[in-house]
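One structure is given below, encoded as structure tokens.
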Ligand SMILES: C[S@@+](CC[C@H](N)C(=O)[O-])C[C@H]1O[C@@H](n2cnc3c(N)ncnc32)[C@H](O)[C@@H]1O
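Numbering (our numbering), first residue to last: 3 to 308.
Below is the structure:
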């Protein structure tokens, strides 16, 4: 199950920080501390469930959700696990356009296919874009285009997605699918290093002109991408950053490899950064349907925050 930050850029008059919170979806299901690409989410989730602290062990079945934590501090919610069967159920309730299914299946034959976002995550990205009425978006890390195509499909005809990717071969696949989906005119493909591309957009006078950004590239660059995107995304816009729980490793003090430490540090920085309101969540489908849109941004003019 992929995990992400959703960051809402605050106006300077409204520096507020939403409480850092693990995701509570539909009032019951808590985000498993796992961040995995599509397809294998259930199994990775299961592995990380066993790492979760304070869980109530159920020896009976990997297919029955069980309580991983009794959340006494925060309203006595029972936090349940994600199991392979539950994840299958979630995926079976995703509305995945045919063209996305085809791209996902073709990509599954490629090396690195586990990198593409899962269908439920793509649906969430598209939903966020629709909710904020985004016209201008940026994606950092396109690969073969699954998440960018999901966004492009819901953008209005006049909308634009700047798609940054360093790997030309992957981009060829993405471009083929933008074409097939009839969204090429909405996607501005940028081949190169993402930080350079973002910097050039700023130099080009495009600061504060974007509504939405999705970051899914080199994890150790997240802080740099974030700072650049903070300049490019308007007040009230949304930045989503993928893989912030990094397969659950960020919560494990025994894991200290460079990538995990960098994501952990980034998360800490973001949590303390009052320029954005924040929300960490797993990419489950029911976020809005579950009533989790946080209504506390009363003095932010533009949108709800997360
Ligand atoms: C996790 S994949 C992106 C998956 C994509 N969002 C999807 O749903 O299919 C990460 C991609 O970021 C690209 N990437 C990594 N570092 C990059 C950089 N510095 N600049 C541009 N692209 C980069 C990689 O080539 C890779 O294709």
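Just so you know, even glycine gets a beta-carbon here, dropped at the ideal spot from N, CA and C.
{"Asked": "Considering only the beta carbon of each residue, do residue 156 and residue 140 sit closer than 7 Å?", "Found": "no"}
{"Asked": "Are residue 2 and residue 240 close, meaning C-beta to C-beta below 7 Å?", "Found": "Here the chain has residues from 3 to 308 only, and residue 2 is not among them."}
{"Asked": "Should the segment 191-201 be called in touch with the segment 217-227, which here means at least 3 C-beta pairs below 8 Å?", "Found": "yes"}
{"Asked": "Let me check one thing: in DSSP terms, what residues is residue 141 bridge-paired to?", "Found": "165, 216"}
{"Asked": "Would you mind reading off the limits of the beta strand (DSSP E) that contains residue 192?", "Found": "189-193"}
{"Asked": "Got a sec, what are the start and stop residues for the alpha helix (DSSP H) residue 198 sits in?", "Found": "196-205"}
{"Asked": "For chain B, is any of its Cβ atoms less than 7 Å away from the one on residue 111?", "Found": "No chain B appears in the structure shown, which is made up of a single protein chain."}
{"Asked": "Please tell me whether, using a cut-off of 6 Å, the distance from the CB of residue 168 to the nearest non-hydrogen atom of ligand 1 is below it.", "Found": "yes"}
{"Asked": "Just the C-alpha distance for residue 274 and residue 79, rounded to the nearest angstrom, thanks.", "Found": "26 Å"}
{"Asked": "Since residue 322 and residue 119 are thought to touch, with beta carbons under 8 Å apart, how far apart are those beta carbons, to the nearest angstrom?", "Found": "No answer is possible for residue 322: the residues shown for the chain start at 3 and end at 308."}
{"Asked": "Could you tell me which whole alpha helix (DSSP H) segments of length 4 or greater appear in the segment 86-116?", "Found": "86-94, 100-109"}
{"Asked": "Among the residues of its own chain, which have a CB less than 6 Å from the CB of residue 159, if the five just before and after it don't count?", "Found": "none"}
{"Asked": "Give the C-beta separation of residue 265 and residue 224 to the nearest angstrom, bearing in mind that I take them to be a contact with Cβ-Cβ under 8 Å.", "Found": "7 Å"}
{"Asked": "Just to confirm, are residue 83 and residue 67 a CB contact at a threshold of 7 Å?", "Found": "yes"}
{"Asked": "In terms of alpha-carbon separation, which member of 221, 213, 187, 234 lies closest to residue 2?", "Found": "A query on residue 2 cannot be resolved here, the shown segment of the chain reaching from 3 to 308 and no further."}
{"Asked": "Report the rounded CA-to-CA distance for residue 145 versus residue 109, giving the unit in angstroms.", "Found": "9 Å"}
{"Asked": "Any heavy atom of ligand 1 closer than 6 Å to the CB of residue 119?", "Found": "yes"}
{"Asked": "Where residue 37 and residue 269 are concerned, what is the direct C-alpha to C-alpha distance, given to the nearest angstrom?", "Found": "In this predicted model, residue 37 has a pLDDT of only 28, less than 50, meaning its place in the structure is not dependable; the value taken from the coordinates is given anyway. Their backbone Cα atoms lie some 14 Å apart in a straight line."}
{"Asked": "Which residues in the same chain as residue 101 place their Cβ atom closer than 8 Å to its Cβ, once the five residues preceding and following it in sequence are excluded?", "Found": "151, 155, 179, 182, 183"}
{"Asked": "Distance check for residue 177 and residue 187, CA to CA, integer angstroms please.", "Found": "11 Å"}
{"Asked": "Checking 7 Å against the spacing of the C-beta atoms, do residue 162 and residue 138 come in under that value?", "Found": "yes"}
{"Asked": "Nearest-angstrom Cα distance between residue 55 and residue 189?", "Found": "Reliability fails at residue 55, whose pLDDT of 33 lies under 50, so the model's placement of it is uncertain and the value that follows must be treated cautiously. If I take the Cα positions, the gap works out to 43 Å."}
{"Asked": "Rounded to the nearest angstrom, how far is the Cβ of residue 321 from that of residue 210, given a contact under 8 Å?", "Found": "Outside the displayed range of the chain (3 to 308) lies residue 321, so it cannot be described from this structure."}
{"Asked": "Considering only C-alpha positions, which residue in the set 124, 242, 169, 170 is nearest to residue 153?", "Found": "124"}
{"Asked": "Three-state secondary structure (DSSP) at residue 72?", "Found": "strand"}
{"Asked": "Using a threshold of 7 Å, state whether the C-beta atoms of residue 134 and residue 259 are closer than that.", "Found": "no"}
{"Asked": "By Cβ distance below 6 Å, which residues in the same chain neighbour residue 257 in space, the five residues on each side in sequence not counted?", "Found": "251"}
{"Asked": "In angstroms with no decimal places, state the Cα-to-Cα distance between residue 318 and residue 77.", "Found": "Here the chain comprises residues numbered 3 to 308, so residue 318 is not present and cannot be evaluated."}
{"Asked": "List the endpoints of the continuous alpha helix (DSSP H) containing residue 123.", "Found": "121-133"}
{"Asked": "From 262, 238, 282, pick the residue whose C-alpha is nearest to that of residue 136; which is it?", "Found": "238"}
{"Asked": "Between residue 263 and residue 9, is the Cβ-Cβ spacing less than 7 Å?", "Found": "no"}
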